[in-house]
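Structure first, then comments.
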Amino acid sequence: MTASKSAALPKKRKPLMSRIPADFVRAVLKGHSGLGLAFAAVIYIVCLSGTLSVFVDEFERWEDANAPVVESVSPEAVQSAYESAVARAGSGLEHVFITMPAGDLPRLRIQTDAEEDRIWFADTQGELVTESHGQWSTFIVALHENLHLPRTWGMFLVGLTGVALLSSLISGILAHPRIFRDAFHLRLGGSRRLQEADLHNRIGVWGLPFHVILSLSGAFLGLTTIIVGVLGMAVFEGDTAKIYALFQPSPPIDNPAAADPLDLLPMFAQLPDSGGHLTSIFMEHPTEQGGAALFNIRYDGALAAADSLAFDRSGELYYAKRAEDFTLGESILGSLGQLHFGWFGGGVIKIVYGLLGLGLTYLAAGGVNIWLARKRDQGRPAERWESIWDAFVWGQPLALTAAALSTVAAPGLAIDLAVMVWLGISLGSLAAAAALPAPTISRLGRGASGALLLLLALVHILLASGPDAVSWTIDLVLALAGAVLVASVFPFRRGRHTKHLPIGG
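First residue of the sequence shown? That's 22 in my numbering, and the numbers climb one at a time after it.
Here it is, written out as structure tokens:
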């Protein structure tokens with residue numbers, strides 16, 4: 022009786038991931054490796070620069086540490102600062118962009134684009150105090166968004182990189198049926214390939230939701246130009262302006278006759294008292310009769326909650342897009358940038374994004390390391406490729422630090438200098454791979470990057486420090502990171518036997 026009951030019990034089914042056919046797993050693993058190798062270098066640069074871009078507001082405070090800290094400002098002070106900036110801009114002024122004080126960036130910032138782009142910081146009285154000469158924050162964001170290539174082509178390549186990263190994440194999960202069951206086990210201290218593979222897989226699983234959000238939003242943002250172009254051809258006979266008009270106010274009626282600077286005070290008086298925070302004001306042709314101003318208002322606690330109100334020269338409201346009227350698609354679109362960069366929850370969220378971004382950067386580097394270690398274990402070491410990859414991986418921190426140092430040591434010079442420094446050191450690092458073995462390149466790269474980070478912190482303190490506490494915090498972080506990298510050059514003894522390390526259990 023007991024035996025017959027036991028026989029009638031259904032067999033225990035295997036976990037879903039374990040039921041994936043072995044041939045399918047092998048095929049997906051090959052595709053995962055090929056895709057990762059093809060895009061590894063670009064993914065690494067995009068992830069590293071993206072991690073730094075999370076802190077772009079803090080970097081702006083660091084590079085202009087002497088700018089006045091402004092928590093709040095009156096409409097009259099904004100008008101005064103803006104008129105002073107227009108007077109100093111020179112001829113040919115087309116646009117003025119005002120960034121209002123916010124928690125992460127307590128500055129009143131006025132940017133003009135006359136004969137040259139100029140950025141001014143004003144105090145609470147609307148007096149222009151100092152002009153910005155910092156280029157580092159602009160450099161790092163442009164590197165992440167378009168790799169300093171022509172904007173359309175660069176954004177397209179970065180968008181493809183996002184697609185490749187998302188595909189790599191999905192194929193990586195399918196290629197490792199045990200990846201979730203082994204999520205908290207590491208083999209440390211033994212075979213380099215096994216150690217690299219475990220770290221690669223564990224970091225991939227731990228940050229999977231973040232990695233998916235980041236790659237998906239990055240792909241969409243990067244491919245926006247292509248998406249808009251396709252929609253324009255499909256719906257509006259190639260007129261992409263009609264696509265943008267669905268989300269942006271139409272430009273003001275062109276009237277180039279000269280006029281006094283736009284009066285913003287009547288516009289301020291019409292802003293809704295709805296608990297939102299005015300983040301920016303964008304003016305088109307502010308010294309012409311056809312001038313207009315767009316006010317952007319955001320609301321705390323919501324990713325995409327923003328009002329956009331546009332006024333013409335007479336102060337009449339001619340465009341209004343309110344957060345409460347957003348469709349689901351508009352809400353998703355409006356939240357992509359905030360989600361992608363972590364600019365929605367203050368310092369804690371930024372730190373979390375920074376740590377997860379470093380993990381994603383390690384995934385990009387670690388995937389190639391696994392492939393190289395496997396070839397070495399198979400008796401077919403690719404020593405030259407090992408040198409090239411180490412030169413690329415450690416050449417980037419060195420090149421980025423040198424670019425930052427150039428902007429601090431030579432403020433006011435065009436951003437092209439930082440680009441040339443970054444590109445020159447990147448190429449020089451790769452050239453070193455022709456003569457040096459991988460271990461030597463790794464040590465030199467870490468040591469040089471660490472020493473340059475220490476030098477960057479010192480030079481900034483001597484030449485550009487100010488009362489802003491955030492600036493001093495960044496100098497401290499730079500110095501600590503430099504010290505860690507320098508210390509990593511010196512040998513560290515560890516056990517020779519493989520350790521199976523169950524994390525947290």
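All residues carry an ideal CB built from backbone N, CA and C; glycine is no exception. Since the model is a prediction, treat every value here as computed from it, not as a measurement.
Inclusion of PRO432 and HIS154 in the CB contact set at 7 Å is warranted, their separation being smaller than that value.
Judged by beta-carbon spacing, GLY416 lies beyond the 7 Å limit of SER463, meaning their Cβ atoms are not closer than that value. Secondary structure at ASN317: strand, using DSSP grouped into helix, strand and coil.
The beta carbon of VAL184 lies closer than 6 Å to those of ALA240 in the same chain, with the five residues before and after it left out. Here the stretch 379-388 makes contact with the stretch 56-70; the two share three or more CB pairs at distances below 8 Å.
Burial state of MET254 is exposed, judged by a 10 Å Cβ sphere holding fewer than 16 other Cβ atoms. By the neighbour-count criterion, in which a residue is buried when 16 or more other Cβ atoms sit within 10 angstroms of its Cβ, ILE409 is buried. Contact between the stretch 181-201 and the stretch 110-122 is absent: fewer than 3 CB-CB pairs across the two stretches fall below 8 Å.
Short of 6 Å from the beta carbon of LEU168, and not among the five residues preceding or following it, lie these beta carbons of its own chain, in chain order: GLY175. Shown here, LEU299 sits in a strand according to DSSP, grouped into three states. Sixteen is the threshold: when 16 or more other Cβ atoms of the shown chains lie within 10 Å of the Cβ of GLU79, as they do, the residue is buried. For TRP364, the three-state secondary structure derived from DSSP is coil. A direct Cα-Cα distance of roughly 16 Å separates LEU164 from LEU426. Contact between ALA102 and ILE131 holds: CB atoms are separated by about 6 Å, below the 8 Å threshold. Closest in C-alpha terms to ARG109, from the list GLN100, TRP83, TRP141, comes TRP141. For SER470 against LEU506, the beta-carbon gap comes to about 5 Å, under 8 Å, which counts as contact. Taking all protein chains shown into account, PHE268 has fewer than 16 neighbouring C-beta atoms within 10 Å of its C-beta and is therefore exposed.
In the structure shown, the three-state DSSP call for MET304 is strand.
With respect to ARG319, ALA331 sits apart: the two C-beta atoms are not nearer than 7 Å. A residue is called buried once 16 or more other Cβ atoms fall within 10 Å of its Cβ, and GLN156 is buried on that count. The beta-bridge partner set that DSSP reports for HIS221 is empty.
Under the 10 Å beta carbon count, ASN87 is surrounded by fewer than 16 other beta carbons and is classified as exposed. Burial state of GLY296 is exposed, judged by a 10 Å Cβ sphere holding fewer than 16 other Cβ atoms. In the DSSP assignment, ARG128 falls outside any alpha helix (DSSP H) and carries neither an H nor an E.
About 4 Å separates the beta carbon of ALA394 from that of ARG214, a gap short enough to meet the 8 Å contact definition.
If you draw a straight line from the Cα of LEU483 to the Cα of LEU477, it comes to about 10 Å.
Around the Cβ of GLY225, a 10 Å sphere holds 16 or more other Cβ atoms; the residue is buried. Inside the stretch 386-467, DSSP marks no whole beta strand (DSSP E) run of 3 or more residues. SER238 and SER356 have their C-alpha atoms some 9 Å from each other. In the structure shown, VAL75 falls within a coil segment according to DSSP collapsed to helix, strand and coil.
The DSSP assignment places 327-333, 338-342 as complete runs of the beta strand (DSSP E) inside the stretch 319-352, in order along the chain (cut-off: 3 residues). Between the beta-carbon of GLY336 and that of PRO282 there is about 14 Å, and that puts the pair past the 8 Å contact cut. Counting other Cβ atoms within 10 Å of its Cβ, TYR265 stays below 16 and is therefore classed as exposed. Of the residues assessed, SER447 falls on the buried side of the cut-off, its CB having 16 or more other CB atoms within 10 angstroms. Bridge pairing for PHE257: absent [DSSP].
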